[in-house]
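Protein sequence lines correspond, in order, to chains A and B.
At position 332 of the first sequence (counting the first as 1) the number is 332 in the numbering used here, and the numbers step up by one without a gap.
One gets the numbering used here by counting positions in the second sequence from 1 and adding 349 to each.
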Amino acid sequence: MTAATDVEPAPPARKPLVGRLWSWSSGNQFVGVLALLICLVIAFSIVEPRFFTVANIRVMLTGVAILWMVSLGLTVVMLTGGFDLSLGSMLSLSGFIFIGFYLHLGIPALLAVILTVVAGALIGGLVNGFLIGRVGMPFLVVTIGTLSLYQGVTYLVSNGQTTSLTSSLLDAIGFNTALGIPITVWIMIATFFVSLFVLRMTYFGRDVYATGGNPAAARLAGVNVTRTLIAAYAIAGGMAALAGVLQDAFISAASPAGSGTIIFDATAAVLLGGTVLGGGIGGVGGTVVGVLFLGVLQNGLSLAGLAAAWQQVISGAIVILAVLGQQLQRGRRPTFDPGALFRRRRGRA
Amino acid sequence: MSRISPRVAVGVPAMCVLVAAAALLAVSAQGAATTAATTAAIKPYRGFETKYPQSFPIPKKVAGKKFTIGCQNPVGPGNETTATFCKGVQAEASALGMKYIGLDDDLSIDKQVSNFAQLLARRANAIALYPLAPNALRASLAKAKKQGVAVIGLNVTFTKSAKAPGYNAQVWEGRDTEAYLSVAQMAQIAPHGKIAIVGIGAPVPAIKYLAQRYRFWAKQFGLQIVGEQDNPTDDITGGRQAMSGLLGKYSTIDGVLAYNDESAVGSYTAARSAGRNGVKIIGINGSSLGISALKAGHVAAIVQVDAVNQGAQAAGGAYDVLTKHGKLPNVVVRRPHLLTKGNLGSVASWSNELARIKSGHLSH
């Protein structure tokens with residue numbers, strides 16, 4: 001006879017470091033791009049000694065500041081399964097919204113910056129967000145419309161002309177440093193951590209992922225999908241407005257010559273970062289890796305003195321390969337369903 | 350994952366914003382140190398573009414004749430310089446009693462061809478345009494000739510060949526003069542300096558030619574061209590990217606010659622971000638972006654093109670053709686001028702020029 005003994009279940013065997021790294025990398029789609037980014041930095045540092053210098057890193061980081069803001073906003077929208085083509089136009093328009101607050105209404109610069117961001121969020125939420133989230137229009141149709149609408153309004157309010165401005169605050173934002181680091185970079189860091197916090201630590205962030213994963217299921221689970229979509233487009237609008245203020249800071253003026261192509265770079269950065277077009281998967285951590293990847297690539301190729309056409313060829317090819325690599329990492333065959341871009345979202349509120 | 354209450358979710362980001370705002374206020378602003386150097390006047394351009402006239406014969410208004418002129422903006426409303434060219438066409442046309450139709454080609458060769466066809470269909474008597482790809486318009490030009498439509502081109506050719514087949518005449522903005530003025534001014538503010546060129550990434554022959562002329566004149570003025578980098582996107586961001594490459598590659602750059610205002614402003618932002626405030630930058634076009642940068646001391650000079658009179662000359666030349674008032678020269682050159690902080694107030698702005706023509710003073 002044997003006495004029955006209570007045997008505690010053995011704790012799961014601790015995986016070796018390599019195994020743990022592999023598990024972590026399987027859950028973080030941007031790890032491949034991060035590895036590629038590190039390889040790029042090492043390669044450019046060897047090939048071009050001036051690459052890894054404080055001055056060049058500073059130029060490179062501040063050079064991607066606008067892309068950083070737009071990409072963070074786009075990430076939130078893409079996580080809901082949507083897309084916003086109008087962010088470049090919103091960026092240009094916001095430059096003039098700031099001018100309106102600061103020059104025409106005489107509002108102090110700091111308050112004007114905050115009001116511009118709020119205005120961008122309101123426009124993004126009440127136009128794109130409302131039409132997509134509440135009315136249920138396809139996001140591509142709505143944002144193609146607002147892309148043209150915002151750009152047209154920018155030309156009308158600016159009369160096609162650049163408006164110069166003088167503001168010590170904006171000059172500081174654009175070019176001063178704090179603790180040896182450009183203030184622009186501090187703002188980039190702050191926006192990243194706030195975005196990360198909102199997406200990972202709040203109910204709203206959970207709702208964003210749920211909406212992107214399956215809006216019908218999210219609704220059944222009690223998620224207010226309409227409100228989540230409106231808020232996501234509002235965040236994207238606000239981030240684009242902040243990017244517009246940064247643009248004003250860099251050139252001490254608001255220019256209607258828009259950033260129409262920035263949305264393509266932002267899309268590349270977000271996809272590189274592992275956020276998928278269908279929504280529900282990804283995050284801002286990957287996006288900043290994607291932005292840095294593009295920044296390092298463009299800066300390194302420029303330093304190498306490559307002709308612009310070759311830079312475009314190489315950048316395009318690397319972006320495709322990197323995203324393809326992520327899809328293979330997920331064990332999926334690359335697919336594309338153009339019809340999905342025009343279909344109404346399932347289970348509209 | 351534990352969830353945080355909505356109050357905290359709102360409160361923490363709000364705190365972050367407030368802290369960031371406080372940090373910004375605490376940082377003292379460092380004023381831009383760039384100031385325009387006081388320089389002696391540069392010698393006038395004596396190159397091959399001086400042998401061409403600056404104006405077509407001043408049109409004589411013929412009573413009872415009603416003409417329509419179309420202007421095709423090669424880019425669109427976002428490009429102030431090309432938009433001003435069409436405004437010049439419109440102002441002169443209005444002063445001559447012509448009807449005006451404006452169309453945007455949006456940098457699309459297809460659209461330029463279809464807009465041209467649209468103007469012919471709308472029975473325009475004259476067309477002014479900046480051809481994006483001259484060969485693409487061959488059939489359209491032949492059709493226009495058959496219909497008796499006057500066509501005046503802007504910068505159809507830009508080198509020593511002034512003939513533009515299919516066009517009644519053309520207007521040049523003076524690429525060689527632009528290069529000369531930029532380099533001559535640079536030689537004054539950065540004598541014997543090490544100079545970089547920011548060119549265009551897209552295959553635009555006129556801008557590639559400009560870069561060649563920069564190099565030619567730099568040699569004459571004893572400047573050393575250390576390198577050239579292309580602006581891949583033809584905007585401020587691309588200019589910044591090009592300049593970042595140049596700053597990384599060359600430890601000493603005294604000056605930058607940029608092919609447009611956007612590249613000049615982008616170069617400035619890159620140079621300042623890298624702490625290289627002493628780099629002298631000269632751009633081309635003289636749009637409100639360039640003027641704004643000049644006023645702020647971000648660029649040392651701007652070569653301003655005579656966009657209003659380029660357009661006005663195109664309209665006037667077309668009117669001459671339609672009223673059979675004398676034979677037009679193959680080309681007129683509306684020579685650009687140099688803008689510095691010193692002469693900014695004394696040179697007629699584009700808006701003043703437009704107002705002058707609208708008030709009935711025809712371009713000459």
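Beta carbons: idealized from backbone N, C-alpha and C, even for Gly.
For this session: Scan the stretch 538 to 574 of chain B and note each continuous beta strand (DSSP E) run of 3 residues or more that stays entirely inside, going in chain order.
Result: With a minimum length of 3 residues, the continuous beta strand (DSSP E) runs that stay inside the stretch 538 to 574 of chain B are 543 to 549.
Exercise. Which one of A:Val77, A:Ala43, A:Val47 has the shortest CA to CA distance from A:Leu396?
Worked result: What is shown of chain A runs 1 to 349, which leaves residue 396 of chain A out entirely.
Problem set entry | Residue from B:Val438, B:Lys400, B:Gly691 whose Cα sits closest to the Cα of B:Ser712 | B:Val438
For this session: Would you mind listing the alpha helix (DSSP H) stretches within the stretch 52 to 76 of chain A that are 4+ residues and don't spill past its ends, in chain order?
Result: 54 to 63
For this session: Classify B:Lys415 as buried or exposed, calling it buried when 16 or more other Cβ atoms lie within 10 Å of its own Cβ.
Result: exposed
Exercise. Under 8 angstroms between C-beta atoms, does B:Leu374 make it to chain A?
Worked result: Caution is warranted here: a pLDDT of 43 is assigned to B:Leu374, below 50, making its placement in the model unreliable, and the coordinate value is therefore given only provisionally. By this cut-off, B:Leu374 is an interface position.
For this session: Return yes when the Cβ of B:Gly594 is within less than 8 angstroms of the Cβ of B:Gln578, no when it is not.
Result: yes
Problem set entry | Length of the line joining the Cα atoms of B:Thr399 and B:Pro581 | Their Cα atoms are separated by approximately 33 angstroms.
Exercise. So is B:Ser612 in contact with chain A if we call contact Cβ pairs under 8 angstroms?
Worked result: no
For this session: Starting from the Cα of A:Gly106, find the closest Cα among A:Ile281, A:Ala218, A:Thr166 and give me that residue.
Result: A:Thr166
For this session: Report the neighbours of B:Thr582 on chain A: residues whose CB is nearer than 7 angstroms to its CB, in chain order.
Result: Thr261
Exercise. Of all the residues that make up the stretch 587 to 616 of chain B, which are near chain A by a beta-carbon distance shorter than 7 angstroms?
Worked result: Arg589, Gln590, Ala591, Ser593, Gly594, Leu596, Gly597, Lys598, Glu611, Val614
For this session: Determine the DSSP secondary structure at B:Lys415, reduced to helix, strand or coil.
Result: Note: B:Lys415 maps to coil in three-state DSSP.
Exercise. Straight-line CA distance for A:Val127 to A:Thr75?
Worked result: Spanning the two alpha carbons is a distance of roughly 19 angstroms.
Problem set entry | Assigned exposure category for A:Leu156 - 16 Cβ within 10 Å defines buried | exposed
For this session: Mind reading off the beta-carbon distance from B:Gln662 to B:Val681? Whole number of angstroms is fine, and I expect it under 8 angstroms.
Result: 6 angstroms
Problem set entry | Assigned secondary structure, B:Ala623 (DSSP; H/G/I helix, E/B strand, else coil) | In the structure shown, B:Ala623 falls within a coil segment according to DSSP collapsed to helix, strand and coil.
Exercise. Can you give, in chain order, each stretch of the beta strand (DSSP E) that sits fully within the stretch 437 to 478 of chain B and has at least 3 residues?
Worked result: 448 to 453, 475 to 478
Exercise. What are the boundary residues of the alpha helix (DSSP H) that A:Val31 is part of?
Worked result: 31 to 47
Exercise. So with Cβ pairs under 8 angstroms, would you call A:Thr116 a contact of chain B?
Worked result: no
Exercise. Of all the options A:Gly95, A:Leu36, A:Gly124, A:Ala253, which has the alpha carbon lying nearest to the alpha carbon of A:Ile230?
Worked result: A:Gly124
For this session: Can you tell me which of the three DSSP states B:Ala385 falls into?
Result: In this prediction, B:Ala385 has a pLDDT of 38, which is less than 50 and means its spatial position is unreliable; nothing more can be read from the coordinates.
Problem set entry | Cross-strand partners of A:Pro182 (DSSP beta bridge) | A:Thr177
For this session: Kindly list, in the order they appear in chain B, the residues whose Cβ is closer than 8 angstroms to that of A:Tyr155.
Result: Pro426, Gly427
Problem set entry | Closer than 8 angstroms to chain A by CB, B:His647 | yes
Problem set entry | For A:Ile251, the residue or residues it bridges with in DSSP | Paired residues: none, contrary to the question.
Problem set entry | Separation of A:Ala55 from A:Gly81, as counted between CA atoms | 39 angstroms
Exercise. Using a C-beta to C-beta distance shorter than 8 angstroms, which residues of chain A count as neighbours of B:Ile651?
Worked result: Under the 8 angstroms cutoff, chain A gives no residues; its nearest Cβ is about 12 angstroms from B:Ile651.
For this session: Identify, in the order they occur along the chain, each residue of the same chain with its Cβ nearer than 6 angstroms to the Cβ of B:Ala623, setting aside the five sequence neighbours on each side.
Result: Sequence-distant Cβ neighbours of B:Ala623 in its own chain, meaning closer than 6 angstroms and more than five residues away, are Leu596.
For this session: Kindly say whether B:Leu638, judged by its beta-carbon, lies nearer than 8 angstroms to any beta-carbon of chain A.
Result: With its beta carbon less than 8 angstroms from one in chain A, B:Leu638 belongs to the interface.
For this session: Please list the partners that B:Thr618 has in chain A, where partner means a Cβ-to-Cβ separation under 7 angstroms.
Result: Phe250, Ile251
For this session: Could you spell out where the beta strand (DSSP E) holding B:Ile630 opens and where it closes?
Result: Unbroken beta strand (DSSP E) run through B:Ile630: 629 to 634.
For this session: Could you tell me if B:Ile407 is buried or exposed, where buried requires 16 or more neighbouring beta carbons within 10 angstroms of its beta carbon?
Result: exposed
For this session: Measure the alpha-carbon distance for A:Val291 versus B:Ser698 and round it to whole angstroms.
Result: C-alpha separation (whole angstroms): 41 angstroms.
Problem set entry | Local Cβ density within 10 Å of A:Val313, reported as buried at 16 or more and exposed below that | exposed
Problem set entry | Cross-chain neighbours of A:Asn56 in chain B, by beta carbon under 7 angstroms | Gly597
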